[in-house]
Structures are given as structure tokens and as C-alpha cells.
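In this note's numbering, the protein residues as written are 16 to 596. Even for Gly, the Cβ is constructed at its ideal location relative to N, Cα and C.
Here it is, written out as C-alpha cells:
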């Protein structure tokens with residue numbers, strides 16, 4: 016008897032599953048509206064809309080008409096277009112991308128140029144910079160945007176998976192250069208129209224027919240839903256696709272049927288097979304990336320998927336090529352709200368219902384052999400979404416996590432892990448595996464789990480050091496206010512300066528803390544908000560004020576009127592200001 020009993024995949028069974036899931040999860044997760052389409056073989060097995068496309072008007076979701084923003088699911092379409100041009104001999108996957116770019120030049124790193132394959136697998140090494148990727152005015156041309164905003168690279172090509180929207184925008188530009196057509200026009204003529212996706216588009220602004228049926232994107236603040244206005248995406252090839260759930264079915268069917276949908280051969284069978292193959296992995300025990308797709312390994316099944324998110328929208332495309340099954344789900348709920356787990360829960364419950372585990376997971380057997388846990392111990396940060404050069408790095412600090420060990424096991428993510436191979440550890444419940452990459456001295460440099468890469472940070476970038484620095488600075492600025500109020504041995508003008516320095520910097524610390532924890536993260540897609548810019552100016556203003564105070568300090572030094580304690584305090588506050596700014 017199987018470990019878990021599966022349910023045959025029929026239209027009626029999927030309907031019962033989806034209806035029950037929607038009824039339970041949409042209320043629990045505060046999801047306004049959702050659409051799902053499930054395909055099997057060469058046809059749609061089931062499609063349905065749930066809830067509201069717009070809450071105020073009580074407009075119901077129609078899976079064939081209600082248009083959702085697909086977000087990064089767009090990347091699968093861009094990758095497919097690239098593979099069309101590869102198939103035609105116009106693009107070489109392993110060629111230096113510079114040969115396809117007339118107005119940009121990307122330097123090699125560690126002697127290795129960026130290839131088209133690197134861009135397709137997110138291994139080109141770019142930082143991910145979200146700031147300024149969206150606009151309320153208009154979308155820049157791909158060339159203009161990339162000339163101004165292409166991020167720095169901190170990893171050599173082919174080193175690690177570093178998910179990046181700008182890399183797929185580069186692929187869109189390569190499509191333009193090679194085809195001689197604007198990106199959205201090429202996608203319309205060569206991908207969307209041949210598949211009959213008449214309600215889908217990459218064009219910005221979208222055609223009137225589509226915007227007429229566009230769902231309203233919503234966030235949820237714990238009390239009520241609020242709407243997001245429609246915006247423009249500068250990284251169109253990575254995130255601009257819009258369309259109803261039913262429109263995604265032909266694309267999935269083509270990918271599940273050797274590139275064919277009806278009479279349309281989107282890609283050859285060989286190209287589809289190459290696109291679906293694992294192309295990059297951090298470690299053989301982990302999931303990897305195909306061209307465009309990420310791997311999903313669960314319940315004994317290998318699947319290919321991609322998630323998408325835009326303000327007020329989330330989507331997932333999930334394909335099981337060996338089973339000839341796929342689904343697309345989209346909601347007008349936000350990934351920074353309770354709705355964030357909707358697609359993950361749908362996937363997990365779908366697999367458990369129709370493709371359950373055939374055997375219980377085997378917990379790894381702990382070894383008695385001691386391991387050098389000190390080589391792995393320390394703090395790590397996710398390289399996805401981390402920017403070395405922008406304000407984003409502050410947002411990454413709270414998300415660092417620690418790895419520690421007792422000589423036999425490791426503690427990571429609140430779980431216990433035992434060694435199962437060289438630099439490889441299994442979770443004690445048998446449900447997950449992680450691996451480390453080490454340098455020539457045996458010290459860990461990266462931790463890998465799933466397709467995620469986490470860089471080990473030096474002590475001076477680790478969370479405890481920075482939290483300690485924040486506490487120290489806060490105490491010093493509090494003392495500056497105290498000295499301003501009660502430091503009678505300092506002159507009146509100096510005390511006024513202390514008051515300004517202490518107050519301005521305390522406002523900055525509190526304000527930035529609130530900005531990073533309470534502000535809607537989506538606002539940073541449009542650049543740095545004005546209130547944050549004002550906050551960022553406060554430390555600089557306070558430093559100028561302190562330099563003015565320093566004139567009084569110099570005079571006191573020359574006249575000998577300050578005690579050694581006053582000189583010490585002034586020096587300590589100056590050092591704090593310099594480190595702080």
C-alpha cells in the first residue's frame with residue numbers, strides 16, 4: 016500500500032480540490048481574487064476564477080477575461096524567445112554577450128565573459144538593485160535604462176545563482192538587437208500571437224482592451240485591503256507581462272508537448288528538452304536552474320516553475336513535464352502581506368493530493384565522527400536582493416542568519432542538521448539538504464539550500480556587530496543631548512551644537528528603523544522616497560554642525576580650559592560620527 020493515497024487527476028477532482036482550497040485559503044490569507052488554470056496533455060483540464068477582480072464594484076474574477084500582472088513569470092516567455100533565436104542560429108548560448116550589444120560593453124570578470132546562458136540561469140554575477148525599476152510616468156527604453164542602471168558585479172559569471180531582473184532585461188535587449196524589432200513587438204508576433212494569447216501583452220502602456228479587464232492589485236495592512244495604482248516597469252522583459260490565467264494555458268501546453276500547441280510549433284522538441292534540462296547547480300544534492308525555469312523537487316517529482324510578483328499581484332507557473340501536467344495561478348494579493356504563502360500552499364497541497372510521496376522520508380543517520388563546525392559557523396546573508404552599493408543593504412541586515420555547531424551537528428534556520436557528505440548536511444527529519452562551498456583553507460564561503468545562495472559575511476558586516484554599533488551610536492547621541500542640557504563646563508554654543516547633533520542623529524536612527532520595518536517595500540521600486548532622502552541627509556548635516564563645534568574644541572585645546580575628560584568625550588564623539596556617517 017502506498018505511503019499516501021493519490022487522487023486521480025480528473026477535471027472533477029481538480030475542481031473539488033481548487034474550490035475547497037480557495038474557500039479556505041482566500042479567507043485565511045485575505046486574498047481578494049484568484050484565477051487558476053490546470054492543463055493536462057494538450058488541453059485545459061480545469062479553469063476557474065474566485066473572488067473579486069475589484070472589491071469596490073464586486074467584479075468577479077473570470078479566468079478567461081480578468082487580466083493579472085504576471086510579474087517575473089515574464090522571464091519564461093523571454094527565455095523562450097531567446098531559445099527561438101538560438102534555434103535559428105542567430106544567438107549562441109555560450110558566446111560573449113557583447114557580440115549582441117551595440118551600445119553596451121560588459122567587461123569579463125576573472126577572465127570569464129558573460130554568456131547568454133549565464134543570463135538565462137541568473138549566474139552572470141550582477142547585484143540585484145530594485146531601486147528605480149518602476150515608474151508612474153513611462154517605461155524607459157531597454158538601452159537607456161541599462162546604460163544608467165546596470166548593477167555592478169560582485170560574483171564572476173558561472174559562480175553562483177544571483178537572481179537578477181537586469182540580466183533578463185539584457186536578454187530583452189539582445190532580442191531587440193538580433194531581431195531588429197522592439198522587444199514587445201517581437202514577443203507579440205513570435206510568441207503571444209502564434210499561441211493565441213490575444214489578451215496578453217508586454218506593451219506599456221497596455222492596450223485598452225486589456226486595461227479594461229485589468230484586476231486591481233491589493234495589499235493588506237492587517238485591517239483592510241488597499242489598492243495599488245498601475246505603473247510602468249523599466250525591466251519589461253523580466254516583469255511586464257499581463258494577461259488572464261486562461262491565456263497562459265497554450266504556453267504551458269507547448270512546453271509540455273515538445274514545443275507544439277495545436278498547429279503552432281513554438282520551439283523544436285530538442286530545444287524544449289535543452290531548455291528544461293538542469294543547466295546550473297550549486298551542488299549535486301540540491302535543486303538547480305534550467306533556462307528560465309527553476310527546478311522543484313518534492314514528493315518524488317521533478318517540476319519546473321517560476322513565481323512572479325508586482326505591487327498587489329502574485330503568480331506562479333508550475334510544470335511537470337514527465338507527467339504532462341501544469342498549472343498557472345494568479346492572485347491580486349501582495350507578496351508583502353498574508354497572501355504571500357498562497358501559491359506555495361496551493362503547490363504543496365496540489366502535489367499532496369495528486370502526486371503524494373510514495374514513501375516516508377528517510378531521516379539522515381548522524382555520524383559519530385566529529386566535524387569542524389567552526390569552519391561553517393558565522394553569519395550569512397542571502398545574495399538575492401542584496402545590493403553592495405545602495406540603500407538595499409540596510410534592509411538585508413535583519414535577514415541575516417547564524418550557523419552554529421556542537422562538533423557533531425549544525426543548527427541552521429532553527430533546525431538541526433547532520434553531515435551526510437563532504438560539506439553537505441541533511442535536516443534530521445529528512446525533508447531538506449544544504450551544502451557549503453569552502454575556500455582553500457577549508458572555511459565556508461557560501462551556504463546553499465534549494466537554488467538559494469547565502470554568502471558568509473565577515474565579522475564587521477555581521478548582524479551582531481552592526482546592532483552593537485547602532486546601540487553604541489544611540490548611547491553616544493543620547494549623551495550628546497544630556498551634555499547639551501547639563502554639561503555646564505561646555506560653552507553655550509557648543510552645548511547647542513551637541514543638542515543638534517544628538518537630536519538629529521537620534522531622529523535618523525528611529526526614522527530609518529521605522530522606514531525599513533514599517534514602510535511598504537514596493538515604494539522603493541520607484542526610487543528612494545523623499546522622507547528617506549531627508550533622513551539620509553541628517554547625519555551629514557549633524558557632521559557639519561559637529562565640525563562647527565570643533566572650532567570651540569580647538570580654542571579650548573589651545574587655551575587649556577578643557578579637562579582630559581572633556582577632550583576624551585569630544586574625540587570619542589568625533590570617532591563615533593565618522594564611523595556612523
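Residue 245 and residue 151 have their C-alpha atoms roughly 8 Å apart. The residue among 341, 374, 111, 115 with its C-alpha nearest the C-alpha of residue 126 is 111.
For residue 538, there is no enclosing alpha helix (DSSP H), since its DSSP letter is neither H nor E.
Bridge partners of residue 476 according to DSSP: none are assigned. Contact between the stretch 198 to 205 and the stretch 90 to 102 is present: three or more C-beta pairs spanning the two stretches fall below 8 Å. Here residue 477 has 394 as same chain residues with Cβ atoms under 6 Å from its own Cβ, once five neighbours each way along the sequence are excluded. Closest by C-alpha distance to residue 68, out of 433, 485, 327, is 327. The alpha-carbon separation between residue 221 and residue 322 amounts to approximately 21 Å. Checking the DSSP bridge columns, you'll see residue 335 partnered with 340. Residue pairing for residue 434: DSSP places it in a beta bridge opposite 440. DSSP, reduced to helix, strand and coil, places residue 363 within a helical segment of the structure shown. Less than 8 Å divides the Cβ of residue 266 from the Cβ of residue 210. Contact fails between the stretch 71 to 87 and the stretch 369 to 389, because fewer than three Cβ pairs, one in each stretch, are under 8 Å apart.
Your pair residue 420 and residue 448 does not check out as a contact, with CB atoms roughly 17 Å apart and the cut at 8 Å.
Beta-bridge analysis with DSSP links residue 65 to 49.
Under the DSSP assignment, residue 450 falls in the beta strand (DSSP E) whose first and last residues are 448 to 453. Taking residue 157 as reference, the option from 509, 542, 190, 121 with the minimal CA-CA separation is 190. With fewer than 16 neighbouring CB atoms inside 10 Å of its own CB, residue 104 falls in the exposed class.
Beta-bridge partners assigned by DSSP to residue 310: 319.
The closest CA to that of residue 496, considering only 487, 546, 520, is found on 520. Within the same chain, Cβ atoms closer than 6 Å to the Cβ of residue 561 are found at 516, 592, the five residues on either side in sequence being excluded.
Under the DSSP assignment, residue 193 falls in the alpha helix (DSSP H) whose first and last residues are 180 to 194. As DSSP reads the structure, residue 346 sits in a beta bridge with 49, 329. Segment contact: the stretch 332 to 345 against the stretch 246 to 264, three or more CB-CB distances shorter than 8 Å; contact assigned. Following the DSSP letters along the chain, one finds residue 134 inside the alpha helix (DSSP H) bounded by residues 131 to 135. A straight line joining the alpha-carbon of residue 175 with that of residue 138 spans about 6 Å.
Its chain contains 390, 391, 451, 453, 471 as the residues whose beta carbon lies nearer than 6 Å to that of residue 459, once the 5 sequence neighbours on both sides are disregarded; these appear in chain order.
Per the coordinates, the alpha-carbon of residue 436 lies some 45 Å from the alpha-carbon of residue 543. Going by DSSP, residue 254 is part of the alpha helix (DSSP H) stretching over 251 to 254.
Buried is the label assigned to residue 537, since at least 16 other Cβ atoms lie within 10 Å of its Cβ.
In this structure, the alpha-carbon of residue 411 lies about 12 Å from that of residue 481. Within its own chain, the residues whose Cβ lies closer than 8 Å to the Cβ of residue 117, once the five positions on either side in sequence are excluded, are 192, listed in chain order.
For residue 532 against residue 144, the beta-carbon gap comes to about 21 Å, at or over 8 Å, which does not count as contact. Collapsing the DSSP output to three states places residue 276 in a strand.
DSSP places residue 90 inside the alpha helix (DSSP H), whose first and last residues are 89 to 102. At a Cβ-Cβ threshold of 8 Å, residue 295 and residue 136 count as neighbours.
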